[in-house]
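Q: In the numbering used here, the protein residues as written are 1 to 309.
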Ligand code: G1P
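#1: Taking the Cβ atom as the reference point for each residue, do residue 142 and residue 257 lie within a distance shorter than 7 Å?
#2: Quick one: what's got a C-beta closer than 8 Å to residue 187's C-beta in the same chain, skipping five residues either side?
#3: Leaving out the 5 sequence neighbours to the left and right, which residues in its chain are closer than 8 Å to residue 103 when beta-carbon positions are compared?
#4: With DSSP as the reference, please indicate the residues paired to residue 41 in a beta bridge.
#5: Whose C-beta lies closer than 6 Å to the C-beta of residue 11 among residues of the same chain, with five residues either side of it excluded?
#6: Taking the CB atoms as reference points, tell me whether residue 275 and residue 284 lie closer together than 7 Å.
#7: Going by the beta-carbon positions, is the gap between residue 244 and residue 193 smaller than 7 Å?
#8: Less than 7 Å between the C-beta atoms of residue 180 and residue 217, yes or no?
#9: Quick check: the Cα distance between residue 38 and residue 164, rounded to an integer number of angstroms?
#10: Please list, in chain order, all residues of the same chain as residue 239 whose beta carbon is under 7 Å from its beta carbon, the five residues on each side excluded.
#11: So, under 8 Å CB-CB, residue 124 and residue 64 are touching, yes? Tell me the CB distance rounded to an integer number of Å.
#12: Does the separation of the CB atoms of residue 262 and residue 138 fall below 7 Å?
#13: Answer yes or no: the CB of residue 211 versus the heavy atoms of the ligand G1P, is any distance below 6 Å?
#14: How is the beta strand (DSSP E) around residue 215 delimited, first residue to last?
#15: Would you say residue 196 and residue 230 are within 7 Å of each other, going by their C-beta atoms?
#16: So residue 310 and residue 97 are in contact, right, with Cβ under 8 Å, and what is the actual spacing, rounded?
#17: Between the C-alpha atoms of residue 354 and residue 15, what's the straight-line distance to the nearest angstrom?
#18: Taking 6 Å as the cut-off, is the C-beta of residue 177 nearer than that to any heavy atom in the ligand G1P?
#19: Straight-line CA distance for residue 162 to residue 86?
#20: Tell me, please, which residues DSSP counts as bridged to residue 16.
#21: What three-state label does DSSP hand residue 69 in the structure shown?
#22: When every heavy atom of the ligand G1P is checked, does at least one fall within less than 6 Å of the C-beta of residue 139?
#23: How about residue 115 and residue 235: do their beta carbons lie closer than 7 Å?
#24: Mind checking whether the beta-carbon of residue 208 lies closer than 6 Å to any heavy atom of the ligand G1P?
#25: Measuring only the C-alpha atoms, how far is residue 178 from residue 189?
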């Protein structure tokens, strides 16, 4: 392996997970949104597993107030392990042990929620002079790992920062970082411009930042110099725009599906899809079909005015 490639190796993943999760209140009042279960695993476990699949075992989770459950989840629990061992539940025991032994997880707290760009700044001391991956804690990708592996490969080949993108419907561009790009061979682009949550009429395309990034340590100085952007927050997108202007930002349209578990509708649909894909829940398809065939009553009394979805 040449020196250049060694320097571009990615060993560290950063998972920002400090946000409040207001769109899933009251479930997220005393519990991090990243800990809400997708079937029987908390959402953030899938993100950690994705990082492991791509060979990144050193993981820094950026937490904040009220996020202790994340630390407990990835810690060992000797009483529970003993209980599982005594009752012969070896596969459950293996699963909880494998995760805690494979991943080397570190934590840093973002004291004030000043935006995704600000959160990433707290990774500086941990990543030091290495390039690193960023995986948003409320976004899941399937198949796990293949997108990240490809981003790493593009970074190693080009030396540039890279982000995963997907096409979104025109009426959803206001939720995402949206790109103007060149190229497109094999799903790879050079990014000419990226803009955070543009109005529909100002969006340069429907290619959206999909929550996975490979960044170089130069990003920290760029973030430090940024004025607050959209919603008065320090936006990672604005730092990426600086790289785009320098011609040093690439994008990759990944093959697969992205799941946003930070809002009610997508959260419920994510659970459904993950459950339907699970071999241990084989009868679910038929059960759901029967439920829909029989119809579901709208229960206004049980669920009065629910607000945004
Ligand atoms: C963040 C990024 C945005 C990106 C999105 C993907 O926004 O700022 O550029 O498209 O994640 O989920 P957020 O969802 O945190 O508002």
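Cβ coordinates follow ideal geometry from the N, Cα and C atoms, glycine included. Bear in mind the structure is a predicted one, so any value in this text is a computation, not a measurement.
A: According to the data block:
#1: yes
#2: Cβ within range, chain order: 252, 253, 254 and 255.
#3: Closer than 8 Å at Cβ, skipping near neighbours: 48, 51, 52, 57, 59 and 74.
#4: Paired residues: 38.
#5: Excluding sequence neighbours, residue 11 sits near 58.
#6: yes
#7: yes
#8: No, they are not a contact pair.
#9: Residue 38 and residue 164 have their alpha carbons spaced roughly 23 Å apart.
#10: 117, 219, 222, 223 and 226
#11: That pair is no contact at about 17 Å.
#12: yes
#13: yes
#14: 207-215
#15: yes
#16: No answer is possible for residue 310: it lies beyond the span of the chain, which begins at 1 and ends at 309.
#17: Any question about residue 354 goes unanswered here, given that the chain covers just 1 to 309.
#18: yes
#19: 48 Å
#20: Answer is 62, bridged to residue 16.
#21: Of the three classes helix, strand and coil, the one that applies to residue 69 here is helix, per DSSP.
#22: yes
#23: yes
#24: yes
#25: Annotation: residue 178 to residue 189 spans about 13 Å, alpha carbon to alpha carbon.
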